[in-house]
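Step one of this worksheet: look at the structure below.
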Amino acid sequence: MPGFLKATNEWFRIYKIPAGKPENQFAFNGEAKNKSFALTIIKQANTQWQQLIKGQSKTEGINCDNTTVSGSPGYLEQDVAQKEIENSAQIGNAAPIDAEVDKWYYPKL
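Residues in the sequence shown are numbered from 728 upward in steps of one, following the numbering used here.
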């Protein structure tokens, strides 16, 4: 699809303008990066997540309780996690949604 990447970048750059917000700014002067770059970033993010969930990085203010990474400091057996859920605050009625959230804007191209 020739031009699709450029059109996508353009849309993310200007889509907030009709609501009175400034144009979005992007790293790398708005240039798209290649597959190799993307895979490197994904690998780095996964490594950081692994370190976080295994207690190998700072977790101040971050709850790392989980039921999927056995051996991690925050690992909970399924029955313990279920009890935590049952003892937590009950979900109440949703707050009304402000009409501003439901506005649609169409930029002039």
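Think of the CB as a built atom: it goes at the ideal place given N, C-alpha and C, for glycine as much as any other residue.
Taking the C-beta atoms as reference points, I812 is found no nearer than 8 Å to S799. In this structure, R740 lies away from N756, with their beta-carbon atoms at least 8 Å apart.
DSSP, reduced to helix, strand and coil, places N751 outside both helices and strands of the structure shown, so it counts as coil. The residues P745, A746, in chain order, have a CB closer than 6 Å to that of Y832 in the same chain once the five nearest residues on each side in sequence are set aside.
Bounds of any alpha helix (DSSP H) do not take in W831, whose DSSP letter is neither H nor E. With a beta-carbon spacing of about 16 Å, T794 and Q777 fall beyond the 8 Å limit used to define contacts.
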